[in-house]
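According to our numbering, the sequence shown holds residues 3 to 327 in order. Every residue gets a Cβ at the ideal spot worked out from N, C-alpha and C, and that includes glycine.
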Amino acid sequence: MAQHSFNGGDDTTRHELAIGDALVGSRLDRALAQLLPQHSRSRLKGWIEARRVEVDRKVVSEPKFKLRGGETVSVHELAAPRAMSFAAQPMALAIVHEDTAIIVVAKPSGLVVHPGNGNWDGTLLNALLHHAPQLSALPRAGIVHRLDKDTSGILVVAKTLKAHTDLVRQLHARSVQREYLAIAHGDLQRATIVDAPIGRHPTQRTTMAVVNSGKPARTHLAIAERYGYATLLRCRLETGRTHQIRVHLAALGHPLLGDRTYLGRKFADAALPLGARTFGRQALHAQRLGLVHPESGKVCQWEVPPPADFEELLSSLRQSPPVLT
């Protein structure tokens, strides 16, 4: 059974397969599984159904298609998503500051920072590699900290290995200043510090929780505005655990508005203005970032205003009659 592979010059490889006597009467998907054992049966079936397979130059989209023998089968292999995770992709970037050592970016909500399961491309990392190709030589393309997909706001990226090492050191030393705006359910009346360890939820492994075996986590909460049914907070992180603000507020009984992961059933029918009930993401925005510049040694600080959806949510809350005790 002759087999030839050709690089398509884009994200595909084309395989030319000759169907020999041993495969007469075989289903197309099973024949391909024998001829291309490096690929899973589910992936091969997916390519057939996606019309990426031809038999004697005619597209066949039915995995059960029976082969007679003697045919030439062409398979247009699509690169595995993981293979594209570090590809440079042209995407708009909102750059707050850039110099020879760092890039400070305002990330919109909905944008994933780093490729991972279900999001192998179209991430901030892909956009950064297109903007500054030299980042491919750095760990994680210079990304030293992250924001959740649906959290908007500011983050810093290293452009050199020296800057990367220095920023990581500052993060470990907890000297990087990160301040967020958060809108929480309920009425918080006074500033507080939440000092509670965070780790994987014991039964819901895709989420985080306050657990005794978790890593130390400390969040400073200050009251900015009170609406009775919700509170605008300024949150300052000492540590940077996954979902830290979201988990700490949920543990206090005041989860973020719009946070479907940590909201809990009792907040599903909360008496909020319409704009707050329909807010489509967690109400969290990374507003301010302060650090020591890795080259100049100067203390730097940047701030980005909340995006339009966050401002509209605040307007909806402010226009509703406050319910304060």
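* Asked: Using a Cβ-Cβ cut-off of 7 angstroms (strictly less than) and excluding sequence neighbours within five positions of His147, which residues of its own chain qualify?
  -> Leu157, Leu173 and Gly242
* Asked: Residue range of the beta strand (DSSP E) that Trp304 falls in?
  -> Val301 to Glu305
* Buried or exposed: where does Glu51 fall if 16 or more other Cβ atoms within 10 Å of its Cβ makes it buried? -> exposed
* Which of the three DSSP states, helix, strand or coil, is assigned to Glu314? -> helix
* What is the residue span of the beta strand (DSSP E) that Ala76 lies within? -> Strictly speaking, residue 76 in this sequence is Ser, with Ala absent from that position. First-last of the beta strand (DSSP E) with Ser76: Thr74 to Leu80.
* Asked: How big is the Cα-Cα spacing for Leu34 and Leu46?
  -> 7 angstroms
* Taking the Cβ atom as the reference point for each residue, do Ala232 and Leu149 lie within a distance shorter than 8 angstroms? -> no
* Asked: How many Å lie between Lys60 and Val26 at the Cα?
  -> 18 angstroms
* If we ignore side chains and look at the alpha-carbon of each, how far apart do Glu64 and Leu30 end up? -> 8 angstroms
* Give the straight-line distance between the Cα atoms of Asn128 and Ala211, rounded to the nearest whole angstrom. => 30 angstroms
* Asked: Asp197 lies in the beta strand (DSSP E); which residues open and close that run?
  -> Thr194 to Asp197
* Taking the alpha-carbon positions, what's the Glu305 to Ala288 distance? -> 9 angstroms
* Residue nearest to Ala143 in terms of C-alpha spacing, selected from Pro199, Phe88 and Trp122 -> Phe88
* Asked: Which residue or residues does DSSP assign as beta-bridge partners of Leu293?
  -> Cys302
* Near Arg176, which residues of its chain fall below 8 angstroms by C-beta distance, leaving aside the five closest residues on each side in sequence? -> Glu240 and Thr241
* Asked: How is the alpha helix (DSSP H) around Gly48 delimited, first residue to last?
  -> Arg43 to Glu51
* Alpha-carbon spacing of Lys66 relative to Pro117, whole angstroms -> 34 angstroms
* Start and end residues, beta strand (DSSP E) containing Ala285 -> Run containing Ala285: none; DSSP gives neither H nor E here.
* Kindly identify the DSSP beta-bridge partner or partners of Ile104. => Ala160
* To do: Tell me whether Arg280 is buried or exposed, calling it buried when 16 or more other Cβ atoms sit within 10 Å of its Cβ.
  => This sequence places Thr at residue 280; Arg is not what is there. Thr280 is exposed by the Cβ-count criterion.
* Asked: What does a CB cutoff of less than 7 angstroms around Thr162 pick up in its chain, not counting 5 residues either side in sequence?
  -> Ala103
* Asked: Which residues in the same chain as Arg54 place their Cβ atom closer than 6 angstroms to its Cβ, once the five residues preceding and following it in sequence are excluded?
  -> His78
* Asked: What separation, rounded to the nearest whole angstrom, lies between the Cα atoms of Leu286 and Leu80?
  -> 37 angstroms
* Between Leu190 and Pro308, is the Cβ-Cβ spacing less than 8 angstroms? -> no
* To do: Could you spell out where the alpha helix (DSSP H) holding Leu37 opens and where it closes?
  => Leu30 to Leu37
* Would you kindly work out how many angstroms separate the C-alpha atoms of Ser317 and Ala186, rounded to a whole number? => 15 angstroms
* Asked: CA-CA distance, Arg248 and Ser298?
  -> 34 angstroms
* Does the Cβ of Thr153 have 16 or more other Cβ atoms within 10 Å, making it buried, or fewer, making it exposed? -> buried
* Go through its chain and collect everything with a Cβ distance to Leu275's Cβ below 7 angstroms, but skip five positions before and after it. => It should be pointed out that residue 275 corresponds to Pro in this sequence rather than to Leu. Cβ neighbours of Pro275 beyond the five flanking positions: Ser318, Leu319 and Ser322.
* Distance, Cα to Cα, Thr194 vs Asn119? -> 36 angstroms
* To do: Using the Cα positions of Thr263 and Pro141, report the straight-line distance between them to the nearest angstrom.
  => 30 angstroms
* Measure the alpha-carbon distance for Pro293 versus Arg16 and round it to whole angstroms. => Correcting the residue type first, residue 293 is Leu in the shown sequence and not Pro. Going by the C-alpha atoms only, they are around 49 angstroms apart.
* To do: Whole angstroms is fine: what's the gap from Ile200's alpha carbon to Ala252's?
  => 12 angstroms
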